[in-house]
Amino acid sequence: MKVKSLNQMFHTSITPNPKSFHFTPFLSFSAFSFSTFCDKLNNNNNNASTRAVQPIAVHAQNSGNNLLQVVLVSPQIPGNTGAIARTCAASGVKLHLVEPLGFPIDDTKLKRAGLDYWPYVVVKVHPSWTDFRDYFLLQDGDKRLLAFTKKGTTIHSDFTYKPGDWLLFGSETSGLPPEALSDCKNDVYGGGTLKIPMVDTYVRCLNLSVSVGIAIYEAARQLNYEQLQGSSEAGVDGESPFVTEDVFG
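Following this line, the structure appears as structure tokens:
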């Protein structure tokens with residue numbers, strides 16, 4: 001069964017092994033295909049009244065592990081988004097997609113780029129920037145919105161990252177929308193605009209998935225890779241491998 005709506009709510013998680021930085025799956029790759037994943041998402045979204053109390057089962061992990069999160073605003077190329085999801089799975093970072101997207105969630109290229117790692121990255125889709133901002137403001141703890149843009153005022157590696165930073169990236173064709181850039185400059189929760197240096201004589205911009213990878217690992221390096229080491233091992237070897245709360249609330 002295909003996912004027909006772009007407004008999908010992904011509820012699954014990753015579990016890094018603190019000793020080896022490898023992930024312990026809650027289902028084997030052979031048992032949990034991308035199509036099965038999409039089916040579970042679609043079934044979950046068809047019953048919105050129970051979404052908050054009956055999320056798709058996720059592997060045991062402390063859902064407070066929100067050191068870093070990535071936000072893609074209107075991504076257009078499914079292969080890029082799939083590759084970014086894979087990077088987020090590998091680095092213990094949650095991923096947010098802000099509609100409109102340039103592809104359906106069950107796109108073949110999206111599946112191929114993300115391989116079988118979709119069950120191991122927490123993903124949430126937001127209908128609009130306004131919806132995302134409202135969601136962001138409801139989150140507990142310290143948090144900042146950081147815009148990565150070619151016109152950023154600070155080089156990404158000169159910036160000091162903090163736990164609770166949300167790394168924002170815009171569309172491959174038009175970048176971040178004005179309202180997102182404005183919010184990133186907000187004195188209350190905006191952290192500013194960052195840029196990744198490059199020779200732009202012949203190259204207009206870096207590939208989106210490459211930019212996200214550079215940003216994630218620079219921020220993670222500064223935070224001593226805590227998002228890889230700080231997850232609880234509870235449930236990995238025990239009898240109760242699933243948490244019962246909605247990781248996004």
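Residue 208 in the UniProt record's numbering sits at position 208 of the sequence shown, with consecutive numbering throughout.
We put the beta carbon where it would ideally sit given N, CA and C, even for glycine.
Asked: DSSP-derived helix/strand/coil call for residue 110; Found: helix
Asked: Best match in 228, 175, 141 for proximity to residue 147 [C-alpha to C-alpha]; Found: 175
Asked: Rounded C-alpha distance that separates residue 171 from residue 198; Found: 19 Å
Asked: Classification of residue 182 by the beta-carbon crowding that lies within 10 angstroms, buried from 16 upward; Found: exposed
Asked: Three-state secondary structure assigned by DSSP to residue 174; Found: coil
Asked: DSSP bridge partner residues for residue 147 (one or two, in chain order); Found: 168, 193
Asked: Per DSSP, cross-strand counterpart(s) of residue 185; Found: According to DSSP, which records beta bridges pairwise, residue 185 is partnered with nothing at all.
Asked: Backbone secondary structure at residue 56 - three-state DSSP; Found: Here residue 56 scores only 27 on pLDDT, less than 50, and its place in the model should not be relied on; the value that follows carries that caveat. Correct three-state label for residue 56: coil.
Asked: 8 Å Cβ shell around residue 219 - same chain, five flanking residues per side excluded; Found: 68, 161, 165, 167
Asked: Residue interval of the alpha helix (DSSP H) (run including residue 97); Found: No alpha helix (DSSP H) holds residue 97; the beta strand (DSSP E) holding it covers 94-98.
Asked: Simplified DSSP assignment, three categories, for residue 153; Found: coil
Asked: Between the CA atoms of residue 163 and residue 151 - distance to the nearest angstrom; Found: 24 Å
Asked: Beta-carbon spacing of residue 73, residue 177 below 8 Å; Found: yes
Asked: Residues bridged to residue 124 (per DSSP); Found: 96
Asked: Whole-angstrom distance between residue 210 and residue 200, CA atom to CA atom; Found: 16 Å
Asked: Assigned exposure category for residue 227 - 16 Cβ within 10 Å defines buried; Found: buried
Asked: Alpha carbon of residue 145 to alpha carbon of residue 188, nearest angstrom; Found: 10 Å
Asked: Inter-stretch contact at 8 Å, needing at least 3 Cβ pairs: the segment 80-92 / the segment 124-134; Found: no
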